[in-house]
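Okay, so here's the structure we're looking at.
Residue numbers (our numbering): -2 to 290.
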């Protein structure tokens, strides 16, 4: 008998992409028993778009952030597995099918992550996609076990699935993380539980939107820096100075100074991302009274 699945999506002002997401979920080749959207008080028409879809259960997320939204939705789930994606994503038609195929590879599999990709429409978006997907997440081809507390092949909530009873056992998402690495924290806590295997499969594909303005990329990379500090505070628990990050910033600035044309533009965008990331790490360190630089 096929495992039953729910899909959970937190939203906050996702009107530009939520319609495409819902259409992608309607086209899934694997039956989705429950589709739950937890909205954090959108003011851009997101709720109206979601409410028009009779297949969706729309719930309120008064705390607004993603961790709380997923927890609100989780309390409504009754299925064997819970799949996660985001309002700015478009899962492939066989997304749920491939996640569940990996889940069936053994009775001890408790979580599966898929591959996040991008379809950049501009040169700016291509730079953003390359930095995130190649330099940070590194969702490689093929399938493999996930055994270490790193971002290499990490299970991100744009594209992953967990057994519901495991989510209940770890208490869902830690709402202290809000929007700052709450998915990585969940993966780390499930690894700590040692209750079964976590897998990454490249066959389950989700296309995610990339930042399309300088302001959006600054906000996103600040968020990544904050997430790094939260993970350091609650998991690594050490003084951390990422020398490689500063070397990369130096090399990127040097490239921007000597290059021209598209190469210079790309280097400048990367430098802005790295500076925003460092700023987020500093802000998180101050907020959490940790040292993560």
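From the three backbone atoms N, C-alpha and C, an ideal C-beta is built for every residue, glycine too.
> What is the DSSP secondary structure of residue 326, counted as helix, strand or coil?
Replying inline: Any answer about residue 326 is impossible in this case: the structure gives the chain only from -2 up to 290.
> Under a Cβ-count criterion, where at least 16 other Cβ atoms within 10 Å of its own Cβ denotes burial, should residue 58 be classed as buried or exposed?
Replying inline: Here residue 58 refers to the residue found at position 61 when the chain shown is read from its first residue. Burial state of residue 58 is buried, judged by a 10 Å Cβ sphere holding 16 or more other Cβ atoms.
> Cα-Cα, which of 250, 163, 181, 117 is closest to residue 233?
Replying inline: Reading the chain shown from its first residue, position 236 is the one you call residue 233. A check of alpha carbon separations from residue 233 across 250, 163, 181, 117 identifies 181 as the nearest.
>> With a threshold of 8 Å on Cβ separation, who are the neighbours of residue 242 within its own chain once the five nearest residues in sequence on each side are excluded?
In response: Position 245 of the chain shown, counted from the first residue, corresponds to residue 242. Same-chain partners within the cutoff: 271, 274, 275.
>> I need the straight-line Cα distance from residue 46 to residue 15, nearest angstrom please.
In response: The sequence position of residue 46 within the chain shown is 49, counting from 1. The sequence position of residue 15 within the chain shown is 18, counting from 1. Looking at the two C-alpha atoms, the distance is approximately 8 Å.
> Taking only runs of the beta strand (DSSP E) that begin and end inside the region 164 to 217, which ones reach a length of at least 3 residues, in chain order?
Replying inline: Runs found: 194 to 205.
> Candidates 167, 42, 30, 148: which alpha carbon is nearest residue 75's?
Replying inline: Numbered from 1 along the chain shown, position 78 holds the residue referred to as residue 75. Distances from the alpha-carbon of residue 75 to those of 167, 42, 30, 148 put 30 closest.
>> Please tell me whether residue 281 and residue 223 are closer than 8 Å, where the distance is taken between their beta carbons.
In response: Counting from one through the chain shown, the residue named residue 281 turns up at place 284. Counting from one through the chain shown, the residue named residue 223 turns up at place 226. Yes, they are a contact pair.
>> So for residue 109, helix, strand or coil by DSSP?
In response: Residue 109 sits at position 112 when you count from the first residue of the chain shown. Here residue 109 sits in strand by DSSP.
> residue 158 bridges to which residues according to DSSP?
Replying inline: Translated into positions along the chain shown, residue 158 becomes position 161. Answer is 80, 109, bridged to residue 158.
> Secondary structure at residue 41, three-state DSSP: helix, strand or coil?
Replying inline: Taking the chain shown and counting its residues from 1, one reaches residue 41 at position 44. Correct three-state label for residue 41: coil.
> What first and last residue would you give for the beta strand (DSSP E) that runs through residue 140?
Replying inline: Position 143 of the chain shown, counting from 1, holds the residue named residue 140. Counting along the chain, the unbroken beta strand (DSSP E) around residue 140 starts and ends at 140 to 143.
> Does the Cβ-Cβ distance between residue 203 and residue 92 come in under 8 Å?
Replying inline: Along the chain shown, read from residue 1 onward, the residue named residue 203 stands at position 206. Along the chain shown, read from residue 1 onward, the residue named residue 92 stands at position 95. Yes, Cβ-Cβ distance for residue 203 and residue 92 is below 8 Å.
>> So for residue 285, helix, strand or coil by DSSP?
In response: Taking the chain shown and counting its residues from 1, one reaches residue 285 at position 288. Judged by DSSP in its simplified three-state form, residue 285 adopts helix.
>> Here's a check: name, in chain order, each residue in its chain whose Cβ is nearer than 6 Å to the Cβ of residue 81, leaving out the five neighbours to either side.
In response: What you label residue 81 is simply residue 84 of the chain shown in a count that begins at 1. For residue 81, the CB contacts under 6 Å within the same chain, skipping 5 residues up- and downstream, are 5, 154, 157 in chain order.
>> Measuring straight from C-alpha to C-alpha, what distance separates residue 194 and residue 247?
In response: Locating residue 194 in the chain shown gives position 197, where the first residue counts as 1. Locating residue 247 in the chain shown gives position 250, where the first residue counts as 1. Rounded to whole angstroms, residue 194 to residue 247 spans 39 Å at the Cα level.
> Going along the chain, which residues of its own chain have a beta-carbon closer than 8 Å to the beta-carbon of residue 17, five neighbours each way excluded?
Replying inline: The residue you call residue 17 lines up with position 20 of the chain shown. Closer than 8 Å at Cβ, skipping near neighbours: 87.
> What does residue 53 pair with, by DSSP beta-bridge criteria?
Replying inline: Your numbering for residue 53 matches position 56 in the chain shown. Assignment of beta-bridge partners to residue 53 by DSSP yields 32.
>> Within the continuous beta strand (DSSP E) that includes residue 339, where are the two ends?
In response: With the chain running from -2 to 290 in the structure shown, residue 339 is simply not present.
>> Whole angstroms are fine: how far does the CA of residue 28 sit from the CA of residue 288?
In response: Taking the first residue of the chain shown as 1, we reach residue 288 at position 291. Taking the first residue of the chain shown as 1, we reach residue 28 at position 31. In a straight line, the C-alpha of residue 288 is about 46 Å away from that of residue 28.
> Less than 8 Å separating the beta-carbons of residue 55 and residue 64?
Replying inline: For the purposes of this step, residue 55 is taken as residue 58 along the chain shown, with counting starting at 1. For the purposes of this step, residue 64 is taken as residue 67 along the chain shown, with counting starting at 1. Result no, Cβ atoms of residue 55 and residue 64 do not sit closer than 8 Å.
> In whole angstroms, what is the alpha-carbon distance linking residue 263 and residue 129?
Replying inline: The sequence position of residue 263 within the chain shown is 266, counting from 1. The sequence position of residue 129 within the chain shown is 132, counting from 1. Each residue's alpha carbon lies about 14 Å from the other.
> Since residue 86 sits in a beta bridge, which residues does DSSP pair it with?
Replying inline: Here the question's residue 86 lines up with position 89 in the chain shown. Paired residues: 205.
>> What does DSSP give as the partner residue(s) for residue 237 in the beta ladder?
In response: Residue mapping note: residue 237 aligns to position 240 of the chain shown, counting from 1. Its beta-bridge partners are 289.
> With distances taken between CB atoms, is the gap from residue 151 to residue 184 smaller than 8 Å?
Replying inline: On the chain shown, position 154 is the one that residue 151 refers to. On the chain shown, position 187 is the one that residue 184 refers to. Going by C-beta atoms, residue 151 is nearer than 8 Å to residue 184.
> Below 8 Å between beta carbons: does that hold for residue 198 and residue 99?
Replying inline: Your numbering for residue 198 matches position 201 in the chain shown. Your numbering for residue 99 matches position 102 in the chain shown. Cβ distance < 8 Å, so residue 198 and residue 99 count as in contact.
> Does the beta carbon of residue 178 sit closer than 8 Å to a beta carbon anywhere in chain C?
Replying inline: The structure shown contains no chain C; it is built from a single protein chain.
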